[in-house]
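Have a look at the structure below, then the notes.
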Amino acid sequence: MKYLFVFFSILLFCSPIYASQNVSKNKSDLPSDTSIVLTHYGIKDSWVSIDKLHHFYYSASLTGLSYLTAHYLLKCDNGDKNLTRLISGSSVLTLGLIKELYDRTHSSTGFSYKDLTFDFIGVISGLVLFSIYER
């Protein structure tokens, strides 16, 4: 189990995927497809982008890392793995919500429900992967 902890720590902090997406603020440059345009900022927020992959990846990794930390290092669950899953999942979702609220006021991209959706999918995926691993 300690190898899995080290593996997720390395994945979390040494991700080979970097955000290199250019954001267009000119509304005439944006495609007129089904993607939502945040009218206040004029930014395209599509369902498929590197940013969404980052939200999924980091949510799944942080969920796994927090689960391993709470269960094996801190031993805070007293044998109840569901409590540890609840703590790790809710803490990562809270971090995602705080990040989106920060983006709403301090970032040019604004608040995105799509980012929160990928955070949620990442948390569920992380919990499912660790449930399968423990069986």
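With mature numbering (1 follows the signal peptide of the UniProt record, and there is no 0) applied, the sequence shown covers -19 to -1, 1 to 116. Just so it is clear, CB atoms sit at the ideal spot from N, CA and C, and this is done for glycine as well.
Hey, could you find the ends of the alpha helix (DSSP H) Ser30 is sitting in? Ser30 -> no alpha helix (DSSP H), and no H or E assigned at all.
Thr75 versus Tyr53: straight-line alpha-carbon distance, rounded: 22 Å
Which stretch, first to last residue, makes up the alpha helix (DSSP H) that contains Gly77? 62 to 87
Looking at C-alpha atoms only, which residue of Ser93, Thr86, His35, Thr50 is the closest neighbour of Gly103? If we check each option's Cα against that of Gly103, His35 comes out closest.
Give me, in chain order, the residues of the same chain whose beta-carbon lies closer than 6 Å to that of Ile(-3); leave out the 5 immediate sequence neighbours on both sides. Here Ile(-3) scores only 47 on pLDDT, less than 50, and its place in the model is too uncertain to base an answer on.
Three CB pairs or more closer than 8 Å across the stretch 25 to 32 and the stretch 61 to 73: no
Contact set for Gly107: own chain, Cβ-Cβ below 6 Å, skip 5 residues either direction: Ala41, Thr44, Gly45
Burial state of Tyr94, where buried means 16 or more other Cβ atoms lie within 10 Å: It counts as exposed.
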